[in-house]
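Worksheet for the structure shown next.
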Amino acid sequence: MLLEQLINGITLGSIYAIVALGFTLVFGVLGIINMAHGEIFMFGAFIGVIVTSVMGLPLWVAFIAAIAVTAVLGYMLERIALRPLRGKQGVSHLAPLISTIGVSILLENLSHHLFGAGNQPFRNAFAEIQIQIGSITIYLVQILIFVISVALMLALSYWLSKTKAGKALRATAENLETASLLGVNTKRTITTTVIIASVMGGIAGILVGMAFNSVNPQMGLSMGLKGLAIIILGGMGNVKGAMAGGLLLGIAETLIVAYGDSGYRDAVAFITIIFILLLRPQGLFGKNTAESGR
Amino acid sequence: MRKIIKNSYLLISVFMLLILAACGNDTTTTDGNDSEAEKTDGPVSAKIGVISYLTGPGAAYGEAITNGFNLALEEINEKGEVKIELDIQDSAGKQEQALSVAQKLMSSDDIVAILGPTLSTEMNVVGPEADMNGIPIMGTSTTAAGIPQIGEYVFRNSLPESLAIPAALEKAVEKFDAKSVAILYGNDDLFTKSGFDTMKAVAEDMGLDIVTIETFQKGQSDYNALLTKIKDLNPDLILASALYNEGAVIMDQARKMGIEVPFIGGNGFNSPQVIEIAGPASEGLIVATPWFGDKEDPKVQEFVGKYEAKYGKKPDQFAAQAYDALYIMAEGLKNAGEADRDALRDALAEIKDLDGVLGKFSFDEEGDVVMDPTVLVIKDGKFQLFE
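What follows is the structure in structure tokens.
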């Protein structure tokens, strides 16, 4: 049973990690907690359902469609809700947070309207493929989720540290004005970042739809909150931290249900986070700056 | 200044007197005419208020319920034994809105009774108010425990969980010779929580071994952890107090994991949507319901045919309960012989073995339902009688 539960935990944790990666990217560059991320994730899941279950098209089309739609949503988020507030005199630093909350409410209600309030089944032959080892059943989707989450983490780390665009992004994160003076097209960098983060949310959405066969307009909220907790746990704006934090939370939640009481799942998971933060206020992988060490 | 106030007081009191006098006149004359007419030849005519969940996420319930009312209304008025007029109001599924529209209805003297509201939580605030004002109120979809116990003016014709769950459980235990059960419930919803309390009590009464009790929340998508745990404990039955949205996903993940034991659900789990969402994984869900649309009863088939012709879809439990509810009201009005709130209450309380599409219906001394539920199981992609 332990092995099965660990597989459950790693699957859940990998999904948390992908959601958290999107969060941490936007936070790292813009310093904004993007509350609409969970809803973009939910939209990705719905696009997956529509393409595969309703239109009957193959899975890869669903991935492309979800990536396209969430990319557009990401662009609109940046263009409409974030850019107008940036660098303006007298705009509170909380204003972008509030405007992303607005976008999240808008998207949730929009999906209520478009897709209905109930759960949508995700029928796909790919989701049924399983491997039987003894009494343990592993679904290919579970392996895929883990592989994709690790691959995304590695790709992001590489992109951020080695490529020119990644360096430009880090420069922008460090100081927007200086980067701009040094010839970085900060507008484009920021837009790209928000789009990449949204696309990652969309991919996570499809994976959740396949793994749990459950897609509904409310799924974004709880995932969003978990993602937020994970980036705080892993260290704000840290890619490896998001991955580790996601896996940690996923496994912790699963084990609490397995060996404890399912009613205390979230409580114990979040109390653990509080304890870790008391010991390491900067998060697991966060840099110990002078400010956070105070 | 003071003079003006004094004068206005005088004016107001004169007006009030006039109004009072007018009222007195009005009522005496119409009363005289009407009651004589009613008692001699014409049918009782009455206005009934309806509070329903017409906008918002649960609007589908309100739609089915008002469709049921409207169909019954047409038939009753056509028959002509009583004349009924409905005043339909929207509660949007919110307690405060339900209360304010209820107060509006109660303050109107024409309204002799209220049907609704849709949710048990709404009834918990509207019921006491109606009881205090002495207006009969009947819930058609309120299944939580304690609703008719609010007061003597509060009735319901919806089958409570405390009747449905034991019926389903007893039949299933008998059939599968079950010894152990696992219980799952949503712990963030009053309705599923109350269903769980009933399940636990019934299982304990029957001497079943409860191997584990697990909880989940609304909108949760991953149930693998708790299902793996249940799989390991290997119970004979799984009792799930869930709404169909979560319940269907739970069944889907359970079947994928290789849990093949039957599920027993409460009222919230009883929906054709389960089959839609979970597909073949929904096979083996057992529920007790007051309503079975495929019953070979001419009355039921006539209702289904008429409903489908009029609204283009099959009636569900909520439409059927609403349909019967208006017939119960009509019977009450007929027996009361006049459109009076207190007379109607007394007549309602005495209703016994009234034939409806749900079967024979009676109220017990508290205004709660007395009827035999039908136990159904999902088999071959549809609900069938569970024998």
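Protein sequence lines correspond, in order, to chains A and B. Per my numbering, the first sequence starts with residue 4, numbered consecutively. Per my numbering, the second sequence starts with residue 3, numbered consecutively. Glycine included, C-beta positions come from ideal geometry on N, C-alpha and C. None of the values given here were measured: they were computed from a predicted structure.
- Nearest to Glu256 (chain A) by alpha-carbon distance, out of A:Gln135, A:Ile50, A:Gly16, A:Ser152, is A:Gly16.
- Around the C-beta of His116 (chain A), fewer than 16 other C-beta atoms lie within 10 Å, and the residue is accordingly described as exposed.
- For a Cβ distance threshold of 9 Å, nothing in chain A lies close to Met208 (chain B): the least Cβ distance comes to about 24 Å.
- Given a length threshold of 3 residues, each whole run of the beta strand (DSSP E) inside the stretch 182-234 of chain B is given here in chain order: 182-188, 211-218.
- Within chain A, the residues whose beta carbon sits less than 7 Å from that of Ala250 (chain B) are Asn122, listed in sequence order.
- A residue is called buried when at least 16 other Cβ atoms come within 10 angstroms of its Cβ; His96 (chain A) does not meet this threshold and is exposed.
- Shortest Cα-Cα distance from Ala232 (chain A) to any of A:Met222, A:Gln221, A:Phe215, A:Gly253 involves A:Gly253.
- As the crow flies, the alpha-carbon of Met4 (chain A) is around 20 Å from that of Leu239 (chain B).
- Taking all protein chains shown into account, Ile53 (chain A) has 16 or more neighbouring C-beta atoms within 10 Å of its C-beta and is therefore buried.
- Membership of Glu177 (chain A) in the alpha helix (DSSP H) is indicated by the continuous run 167-177.
- A residue is called buried once 16 or more other Cβ atoms fall within 10 Å of its Cβ, and Met140 (chain B) is buried on that count.
- The stretch 210-221 of chain A makes contact with the stretch 121-129 of chain A; the number of CB pairs closer than 8 Å reaches 3 or more.
- Runs of the alpha helix (DSSP H) lying entirely within the stretch 222-301 of chain B, each at least 4 residues long, are 226-235, 246-259, 275-280 in chain order.
- Secondary structure at Gln386 (chain B): strand, using DSSP grouped into helix, strand and coil.
- Inter-residue distance for Ala71 (chain A) and Thr196 (chain A) is about 15 Å (C-alpha atoms, whole angstroms).
- A check of alpha carbon separations from Pro130 (chain B) across B:Pro119, B:Ser109, B:Ile152 identifies B:Ile152 as the nearest.
- Under the 10 Å beta carbon count, Ser243 (chain B) is surrounded by 16 or more other beta carbons and is classified as buried.
- Considering only A:Val106, A:Gly51, A:Gly93, the residue with the shortest C-alpha distance to Ile83 (chain A) is A:Val106.
- Annotation: Ile353 (chain B) is outside any beta strand (DSSP E) and is labelled neither H nor E by DSSP.
- The C-alpha of Leu159 (chain A) lies about 53 Å from the C-alpha of Ile167 (chain B).
- For Thr200 (chain B), no CB of chain A lies under 7 Å from its own CB, so it is not counted at the interface with that chain.
- Here DSSP, grouped into helix, strand and coil, assigns Gln92 (chain A) to coil.
- Bridge partners of Ile86 (chain B) according to DSSP: B:Ala48.
- Between Leu24 (chain A) and Met156 (chain A) a beta carbon distance of about 6 Å is seen, short of the 8 Å cut, so the two are scored as contacting.
- Look at the stretch 47-73 of chain A: it has no residue with a C-beta under 7 Å from a C-beta of chain B.
- In this structure Trp63 (chain A) is exposed. Its beta-carbon is surrounded by fewer than 16 other beta-carbon atoms within 10 angstroms.
- Interface residue (Cβ-Cβ distance to chain A less than 7 Å): Thr120 (chain B) is not classified as such.
- Close to Val144 (chain A), with beta-carbon spacing below 9 Å, lies no residue of chain B; the smallest spacing is near 10 Å.
- Under the DSSP assignment, Gly361 (chain B) falls in the beta strand (DSSP E) whose first and last residues are 361-365.
- Sequence-distant Cβ neighbours of Leu6 (chain A) in its own chain, meaning closer than 7 Å and more than five residues away, are Ile139.
- Going by DSSP, Phe44 (chain A) is part of the alpha helix (DSSP H) stretching over 40-52.
- By the rule that beta-carbons nearer than 7 Å mark a contact, Asp191 (chain B) does not touch chain A.
- Counting along the chain, the unbroken alpha helix (DSSP H) around Phe215 (chain A) starts and ends at 189-215.
- Distance from the CA of Thr73 (chain A) to the CA of Ile67 (chain B), rounded to the nearest whole angstrom, comes to 38 Å.
- Counting C-beta atoms within 10 angstroms of its own C-beta, Asn188 (chain A) has fewer than 16 neighbours from the protein chains shown and is therefore classed as exposed.
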